[in-house]
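Okay, structure first, notes after.
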Amino acid sequence: MKIVFVLPNMPGGGSERVVAMLANEYIKRNYEVAILLFAGRQVAYPLDERIEICIAGKVSGGNPLIQLSRLIRMRRFYQKNKGCYIFSFCVRGSIFSVIAAAGIPHRLLVSERNDPTRISGQRLRDWSYRKAEKLILQTEDMKKCFTEDIQKKSAVIPNPVSGDMLEPFQGERKKRIVSVGRLQPQKNHRLLLDAFAAFHKVYSDYELHIFGVGELEADLRQRAKDLNIEKEVVFRGFSSNVQHEIWDSAIFVLSSDYEGISNSMIEALAMGIPVISTDCPVGGSRMYIEDGVNGILTPVGDEKALTEAMLKIAGDSDLARKFSANGAKIKEKYSLETIAGRFLAEAGI
């Protein structure tokens, strides 16, 4: 029995992080595991050496010849691995796998990792989802985005928390606010910069550290300069060891306009960092954060609310300790072992 994870590439990010965690866990359970990459060859996260990595193509840019070559390589792989369980963690991977594996014995499980309403080409996506045995969604709100026939084959499984997470930091936390995520419009780091600029007028000894890479970095650096906070804002780039980088921070902020479930937010909670998140569609943050109990939820795009949330935590050490203690409890509820088992059960393994 072989489990094949399908992704375009693994340069870093939430879906890639979950795939790496599940792949390593299944190897530990003595399953054969492969990762099929169809648009690149980067692997940013540590993988067990027994995991097979298959490179089926590169970024096509819409080039039909590159896409055809990709499908041919994917089909050859599936022919060599008849009867495999395909775990697709992206929309295009699902579409390509349905086409490439046509007529070849397999079982297809699809995992939707973002807001379904934000994806282009929904008809083609839904066609591929109807060919799958099971669709895994991260929240109940995501499930409501699909037609009844697709909902019937859907199951809700939240993201796991790795068993090797650092224990909550004990002591005086650094006066540092952190955010982790790709520098792209969805994450709305501009909102975070604007809110931090207002926060900084009250707490001038704090810094903002932003982890991630993306096409908006130059624009965000310029925004920080325009707000006169360029000395207090540090762009840290991508880190494969981000846990250790943010462990002793005072506040973690997720400022996204929409999100499936943010792995960086989950990890911050599990490490006991006081967390603020926008209550963004499709309910992923709300699934983990109970407002006022283990973190703070703010309306999407609300600069004032985000500023007030940061001021509230920075000005109340008892509240910060409460969020830290309660946030760390999610490790028990969403353990990797439990979530990995639920994926297998839904796949019929």
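The working numbering puts the sequence shown at residues 4 to 352. Backbone N, C-alpha and C define an ideal beta-carbon position, used for all residues, glycine too.
Q: Please specify which runs of the beta strand (DSSP E), each continuous and at least 3 residues long, are wholly inside the segment 12 to 87, giving them in chain order.
A: When DSSP assignments are scanned along the segment 12 to 87, the uninterrupted stretches of beta strand (DSSP E) that are 3 or more residues long and fall wholly within it turn out to be 35 to 40, 55 to 58.
Q | Beta-carbon proximity of I180 to A158, cut-off 7 Å | A | No, Cβ-Cβ distance for I180 and A158 is not below 7 Å.
(Q) Do M274 and M145 count as a contact pair if the criterion is CB distance below 7 Å? (A) The answer is no: Cβ separation not under 7 Å.
Q. From Q154, E235, D260, pick the residue whose C-alpha is nearest to that of L186; which is it?
A. Comparing Cα-Cα distances from L186 to each of Q154, E235, D260, the minimum goes to D260.
Q: Figure out for me which residue from E218, A221, V236, G174 has the closest Cα to the Cα of H203.
A: Closest in C-alpha terms to H203, from the list E218, A221, V236, G174, comes V236.
**Q.** Whole runs of the beta strand (DSSP E) within the segment 252 to 318, excluding any shorter than 3 residues
**A.** Correct list: 252 to 257, 278 to 281, 299 to 301.
Q | Neighbourhood of P408 by C-beta distance below 6 Å, restricted to the same chain and skipping five residues each side | A | Residue 408 lies beyond the range of the chain shown here (4 to 352); nothing can be said about it.
Q. Taking only runs of the beta strand (DSSP E) that begin and end inside the segment 194 to 240, which ones reach a length of at least 3 residues, in chain order?
A. List check, beta strand (DSSP E) in window: 210 to 214, 236 to 240.
Q: Please look up how many angstroms separate the CB atoms of S258 and L195, rounded, as I've assumed it's under 8 Å.
A: About 4 Å separates the two Cβ atoms, so the contact holds.
Q) By Cβ distance below 8 Å, which residues in the same chain neighbour Q246 in space, the five residues on each side in sequence not counted? A) The answer, listed in chain order, is M168, L169, E270, M274.
(Q) Please classify W250 as buried or exposed, where buried requires at least 16 other C-beta atoms within 10 Å of its C-beta. (A) Residue environment: W250 is assigned as buried (16 or more neighbouring CB atoms within 10 Å of its CB, all protein chains considered).
Q.
If you measure between the beta carbons of L127 and I102, is that distance less than 7 Å?
A. Not a contact, by the Cβ cut-off of 7 Å.
Q.
Give me, in chain order, the residues of the same chain whose beta-carbon lies closer than 6 Å to that of A198; leave out the 5 immediate sequence neighbours on both sides.
A. Closer than 6 Å at Cβ, skipping near neighbours: E306, L309, T310.
Q | For E210 and V62, the rounded distance between their alpha carbons | A | Rounded to whole angstroms, the gap between the alpha carbons of V62 and E210 is 37 Å.
Q) So is L71 buried or exposed if we call it buried at 16+ other beta carbons inside 10 Å? A) By the 10 Å Cβ count, L71 comes out exposed.
Q. Roughly how many whole angstroms lie between the Cα atoms of S338 and M24?
A. Taking the straight line joining both Cα atoms gives about 11 Å.
(Q) I'd like to know if the segment 115 to 126 and the segment 34 to 48 are in contact, where contact means that at least 3 CB-CB pairs between them fall below 8 Å. (A) Flag = no, the segment 115 to 126 and the segment 34 to 48 do not touch.
Q. Can you give the Cα-Cα distance for V205 and R345, rounded to whole angstroms?
A. Spanning the two alpha carbons is a distance of roughly 46 Å.
Q. Can you tell me whether DSSP reads I6 as helix, strand or coil?
A. The three-state secondary structure of I6, taken from DSSP, is strand.
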